[in-house]
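A.B. asks: First residue of the sequence shown? That's 154 in our numbering, and the numbers climb one at a time after it. C-beta: ideal position from N, C-alpha, C; glycine also.
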Amino acid sequence: MASTTKRRFTDEFKREAVALWETSGRMQTEVAAELGIMPTMLRRWQRKQQEGIAPPTSPAAKPPVSTMASPADQASEIARLRRDLERARMERDILKKAVGIFAEMPR
Numbered sequence: 154m155a156s157t158t159k160r161r162f163t164d165e166f167k168r169e170a171v172a173l174w175e176t177s178g179r180m181q182t183e184v185a186a187e188l189g190i191m192p193t194m195l196r197r198w199q200r201k202q203q204e205g206i207a208p209p210t211s212p213a214a215k216p217p218v219s220t221m222a223s224p225a226d227q228a229s230e231i232a233r234l235r236r237d238l239e240r241a242r243m244e245r246d247i248l249k250k251a252v253g254i255f256a257e258m259p260r
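1) Measure the alpha-carbon distance for E204 versus P192 and round it to whole angstroms.
2) Can you tell which of M221, T182, E175 and A222 has the C-alpha that lies nearest to the C-alpha of R200?
3) Buried or exposed for Q227, going by 16 or more other Cβ atoms inside 10 Å?
4) Among the residues of its own chain, which have a CB less than 7 Å from the CB of L173, if the five just before and after it don't count?
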């Protein structure tokens, strides 16, 4: 007899699975099969979320956070990215030259 272990799913996985099912417009069985779970699990997770038994780490429990950075922060980030891009271009050019040199070396 093969022993089976009970699989445990994270709260995040449960939330995302229910959201996928609700937003995709597909059948519960299709989504469950795609995720490798039983369709009844999706229904149970959805019911718990609707009853408000959602875990404390759910997005509804978190206060909204502004993702907009100040113009000064954006300007400094742009300047940093431009420096990084220039350095990457310089490294690329050096590597191209090195490849050319090693390709011409006699063996």
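C.D. replies: Let's see:
1) Those two C-alpha atoms are separated by around 19 Å.
2) Selected option, being the one with the closest Cα: E175.
3) exposed
4) The beta carbon of L173 lies closer than 7 Å to those of V184 in the same chain, with the five residues before and after it left out.
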